[in-house]
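Number of protein chains: 2
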Amino acid sequence: MTPLPPGSTIGILGGGQLGRMLSQAASRLGFNVVILDPEENSPAGRVSQGQIVAAYDDSTALMVLGRTCQAVTFEFENVPAASVERLLQGGAAVSPGPRALAVAQDRVEEKTFLNGVGAPTVAFASVDSLDDLLAGLERLGAPALLKTRREGYDGKGQVWVRSAKMAADAWHAIGEQPAILEAKADFVRELSVIAARGRDGRIAVYPLGENIHKGGVLKTTVAPATVDAKTEKRARAIAKAILEGLDYIGVLGVELFDLGEGRLLVNEIAPRVHNTGHWTQDGCVCDQFEQHIRAIAGWPLGPVTAHARVQMTNLLGTDIDQWAKLAAKPDHRLHLYGKAEARPGRKMAHVNRITPL
Amino acid sequence: MTPLPPGSTIGILGGGQLGRMLSQAASRLGFNVVILDPEENSPAGRVSQGQIVAAYDDSTALMVLGRTCQAVTFEFENVPAASVERLLQGGAAVSPGPRALAVAQDRVEEKTFLNGVGAPTVAFASVDSLDDLLAGLERLGAPALLKTRREGYDGKGQVWVRSAKMAADAWHAIGEQPAILEAKADFVRELSVIAARGRDGRIAVYPLGENIHKGGVLKTTVAPATVDAKTEKRARAIAKAILEGLDYIGVLGVELFDLGEGRLLVNEIAPRVHNTGHWTQDGCVCDQFEQHIRAIAGWPLGPVTAHARVQMTNLLGTDIDQWAKLAAKPDHRLHLYGKAEARPGRKMAHVNRITPL
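First to last, the protein sequences are chains A and B. If you're matching positions, the first sequence starts at 1 in the numbering used here and goes up one per residue. If you're matching positions, the second sequence starts at 358 in the numbering used here and goes up one per residue.
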């Protein structure tokens with residue numbers, strides 16, 4: 001594909017903070033941006049040329065988006081597969097493609113794919129019934145984590161099963177729907193790697209981040225993480241195997257369990273820009289948002305070297321009330337999402353604390 | 358003034374690239390932005406929540422803007438004074454205020470003000486007739502630069518008068534309108550300083566930039582410029598005197614002639630973010646655009662320390678055709694303005710080349 005020239009229009013499914021920051025990066029490269037989101041006046045829509053206010057499966061809206069935009073992408077992985085098919089049928093260039101979405105939308109398919117490309121995960125069992133769950137527990141041992149196969153994020157739709165006695169309750173708790181049972185990972189810490197693959201097949205991998213979650217939600221990322229060369233190399237190899245295995249175009253987030261001594265397991269992948277990559281906005285010349293736009297527009301990938309150490313902290317819910325205090329700190333850079341209502345746990349902003357490398 | 362909380366709306370008069378980059382900075386701080394510009398779908402309007410398409414002196418448009426926005430600013434100094442008055446009468450907070458505009462809109466008033474606060478300029482004469490011009494030439498010596506008192510930028514509306522014989526032609530060339538005659542400055546190089554003053558009266562001054570103009574238009578800025586301590590100190594003192602003399606709120610650009618040995622003359626001031634400050638986007642944690650928004654919103658000013666050396670180059674007209682080549686350079690960061698038509702000399706984009714300090 002010839003690089004998409006500035007002045008072209010990029011469509012983004014999803015108008016939240018990721019879409020907003022993607023839109024801002026696209027504008028900086030001279031693109032126009034149109035958002036598709038059912039919520040009027042979305043955070044991304046407010047900084048874009050236009051927003052189509054419609055459901056993600058609205059066929060007219062998808063047709064308009066496809067005809068308006070020379071490239072289409074998304075900010076979340078639960079875009080209906082049928083919507084992507086419809087865009088593709090209409091001739092739109094959608095990246096990352098349906099294969100990446102299919103894998104990312106189903107936890108059993110995801111782990112099966114990962115193991116297939118040599119990216120190890122915890123042992124797991126596919127669960128379609130209480131019997132499956134009991135058999136899985138028997139094989140994997142307790143405690144094990146029961147998650148719905150589809151949907152769910154930030155710790156939603158999942159429950160720890162600590163014994164066979166709890167199995168029925170757990171099965172009920174997740175709504176008795178197709179699920180996955182995952183063995184407990186005995187990890188030292190959580191890492192993540194943000195990587196990109198361009199239309200020319202070239203790959204660029206950012207330095208690793210070390211993440212701390214609270215209540216299933218990311219709280220902070222520190223990057224570049226302090227890791228030994230073996231771990232760094234292993235993470236890069238895993239990212240490369242995933243990107244190539246999916247024939248992926250764009251930025252991908254890979255959450256990792258660090259077991260120590262260079263041993264890594266993949267927790268999950270996100271076929272999009274990722275919260276653990278927000279540090280790149282203030283640590284790299286080309287951040288993950290610009291990188292994603294470059295990739296889907298067929299531009300050469302940008303540099304991924306860190307020029308600073310960054311501690312990214314999410315501001316959730318009323319954390320945002322600290323904005324004035326944070327704005328006064330000279331080594332902090334604020335990124336607010338323009339959301340009106342600070343509901344508990346809602347991602348409202350993040351702040352990057354910048355220190356020299 | 359209590360700092361304006363995120364979620365407030367900021368109005369910007371002018372929808373060009375400066376308005377666009379101001380809007381992007383404001384969005385990052387969680388503000389909504391409305392642009393007033395007569396050109397539909399302006400570069401700034403396309404990345405903002407809304408644009409009012411109307412003339413800058415349209416009283417209805419100004420009323421709507423004033424009522425919608427908790428703070429109003431502008432991207433260019435030739436906003437009609439009557440428009441600012443109208444906004445102020447409607448109760449809008451407009452910064453920088455009418456005093457800064459009045460001074461910046463009239464070259465005689467500007468130099469008179471500057472000399473009054475101890476910021477030296479070239480010698481000058483106010484010219485309202487050919488006789489004034491001849492008398493001025495006699496006093497200042499030839500060559501001298503004849504400029505219209507009002508309007509004109511990037512070398513427009515000005516002509517060198519190399520001898521008394523040329524006076525009549527020069528007077529005709531600028532349209533026989535109120536003018537200023539400026540003595541030739543015998544300068545070594547052109548510098549500029551970008552400075553900000555907050556609502557609390559605090560001042561922040563960025564490191565100096567060294568500028569190269571071609572055909573009256575800025576081509577490159579290198580910053581931080583290599584300057585001795587005396588020059589740096591003098592430039593800071595000048596910036597401070599101007600900001601305080603105007604009771605200024607926001608970012609101000611000051612163009613300087615460096616005469617050597619710490620001697621500086623002010624060439625002109627711009628009561629707004631300035632092309633020679635674009636390097637701050639990739640050289641500082643808080644760039645001039647965020648700084649201006651912080652100031653007018655009553656937030657504390659951000660840090661002005663450089664963490665990298667930047668060479669900013671303007672891409673004028675068809676220079677923009679180099680975008681693909683520039684996008685491939687790992688130490689270059691592109692900033693495109695989203696302008697459709699690459700008219701000769703039109704500012705289309707800039708690129709910051711980043712090197713370690």
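Don't be surprised by glycine CBs; every beta carbon is placed ideally from N, CA and C. Remember, it's a predicted structure, so these values are computed and weren't measured experimentally.
Contacts that residue i makes with chain B (C-beta to C-beta distance below 9 angstroms)
{"i": "A:A359", "result": "This structure leaves residue 359 of chain A out entirely; chain A is present only between 1 and 357."}
{"i": "A:I354", "result": "V642, H664"}
{"i": "A:A349", "result": "P363, G387"}
One or two residues paired with residue i in a DSSP bridge
{"i": "A:S126", "result": "A:I180"}
{"i": "A:I52", "result": "A:L36"}
{"i": "B:T577", "result": "B:I569, B:T670"}
{"i": "B:G368", "result": "B:V391, B:V429"}
{"i": "B:C641", "result": "B:A663"}
{"i": "B:W517", "result": "B:L502"}
{"i": "A:R346", "result": "A:R346 is not bridged to any residue."}
{"i": "B:V550", "result": "B:V611"}
{"i": "A:I354", "result": "A:V310"}
{"i": "A:H335", "result": "A:H350"}
{"i": "B:A627", "result": "B:G610"}
{"i": "A:V94", "result": "A:V72"}
{"i": "B:R620", "result": "B:G617"}
{"i": "B:I560", "result": "B:R554"}
Residues that residue i contacts on chain A, provided the C-beta gap is smaller than 7 angstroms
{"i": "B:P660", "result": "P330"}
{"i": "B:W656", "result": "A327"}
{"i": "B:L386", "result": "L334, L336"}
{"i": "B:N326", "result": "With chain B covering only 358 through 714, there is no way to say anything about residue 326 of chain B."}
{"i": "B:P360", "result": "A324"}
Residue i versus residue j - alpha carbon distance
{"i": "A:G97", "j": "B:K682", "result": "27 angstroms"}
{"i": "B:G573", "j": "B:V518", "result": "16 angstroms"}
{"i": "A:K240", "j": "A:A195", "result": "8 angstroms"}
{"i": "B:Q515", "j": "B:L672", "result": "23 angstroms"}
{"i": "A:T220", "j": "A:T276", "result": "8 angstroms"}
{"i": "B:V404", "j": "A:S48", "result": "5 angstroms"}
{"i": "A:E40", "j": "A:G14", "result": "11 angstroms"}
{"i": "A:L301", "j": "A:A204", "result": "7 angstroms"}
{"i": "B:L458", "j": "B:G610", "result": "13 angstroms"}
{"i": "A:L146", "j": "A:F113", "result": "19 angstroms"}
{"i": "B:L444", "j": "B:A652", "result": "19 angstroms"}
{"i": "B:A524", "j": "B:G473", "result": "29 angstroms"}
{"i": "A:A26", "j": "B:A684", "result": "13 angstroms"}
{"i": "A:P356", "j": "A:D186", "result": "33 angstroms"}
{"i": "A:A104", "j": "A:E110", "result": "6 angstroms"}
{"i": "B:Q668", "j": "B:D688", "result": "10 angstroms"}
{"i": "B:V550", "j": "B:L600", "result": "12 angstroms"}
{"i": "A:G136", "j": "A:A164", "result": "10 angstroms"}
{"i": "B:A412", "j": "B:A418", "result": "8 angstroms"}
{"i": "A:C69", "j": "A:S8", "result": "7 angstroms"}
{"i": "A:A179", "j": "B:V608", "result": "56 angstroms"}
{"i": "A:G118", "j": "B:P395", "result": "58 angstroms"}
{"i": "A:V285", "j": "B:Y563", "result": "20 angstroms"}
{"i": "B:A402", "j": "B:V429", "result": "A small correction: the amino acid at residue 402 of chain B is Gly; Ala does not occupy that position in the sequence shown. Between B:G402 and B:V429, the C-alpha separation is close to 15 angstroms."}
{"i": "A:R139", "j": "A:R149", "result": "19 angstroms"}
{"i": "A:N352", "j": "A:I212", "result": "15 angstroms"}
{"i": "A:D57", "j": "A:E85", "result": "11 angstroms"}
Chain B residues whose Cβ lies nearer than 8 angstroms to that of residue i
{"i": "A:G365", "result": "Within the shown structure, residues of chain A are numbered from 1 to 357, placing residue 365 of chain A beyond reach of any answer."}
Listed by chain order, chain A residues near residue i by CB distance under 8 angstroms
{"i": "B:G364", "result": "G338, A340"}
{"i": "B:Q381", "result": "Q24, S27, R28, V47"}
Integer-rounded CB distance, given that residue j should sit under 8 angstroms from residue i
{"i": "B:K704", "j": "B:Q374", "result": "6 angstroms"}
{"i": "B:E539", "j": "B:F481", "result": "5 angstroms"}
{"i": "B:G640", "j": "B:A586", "result": "That belief does not hold up - the Cβ atoms of B:G640 and B:A586 are roughly 20 angstroms apart, past 8 angstroms."}
{"i": "B:I677", "j": "B:A697", "result": "Contact doesn't hold; Cβ gap of about 11 angstroms is too wide."}
{"i": "B:L621", "j": "B:T588", "result": "7 angstroms"}
{"i": "B:G387", "j": "A:L336", "result": "3 angstroms"}
{"i": "A:V34", "j": "A:L4", "result": "With a Cβ gap of about 14 angstroms, A:V34 and A:L4 do not count as contacting."}
{"i": "A:W323", "j": "B:P477", "result": "Not really, about 42 angstroms apart at Cβ, beyond 8 angstroms."}
{"i": "B:P628", "j": "B:E434", "result": "5 angstroms"}
Residues in the stretch 444 to 468 of chain B with C-beta within 9 angstroms of chain A's C-beta atoms, listed in sequence order?
With the criterion set as a beta carbon lying under 9 angstroms from some beta carbon of chain A, the stretch 444 to 468 of chain B has no members that meet it.
Members of the stretch 663 to 684 of chain B that neighbour chain A once the beta carbon cut-off is set at 8 angstroms
Those residues of the stretch 663 to 684 of chain B placed with their C-beta closer than 8 angstroms to a C-beta in chain A are H664, A665, I677, W680, A681, A684, ordered along the chain.
Scan the stretch 396 to 425 of chain B for residues whose Cβ lies nearer than 8 angstroms to a Cβ of chain A and list them as they occur along the chain.
Residues passing the 8 angstroms Cβ filter: N398, R403, V404, S405, Q406.
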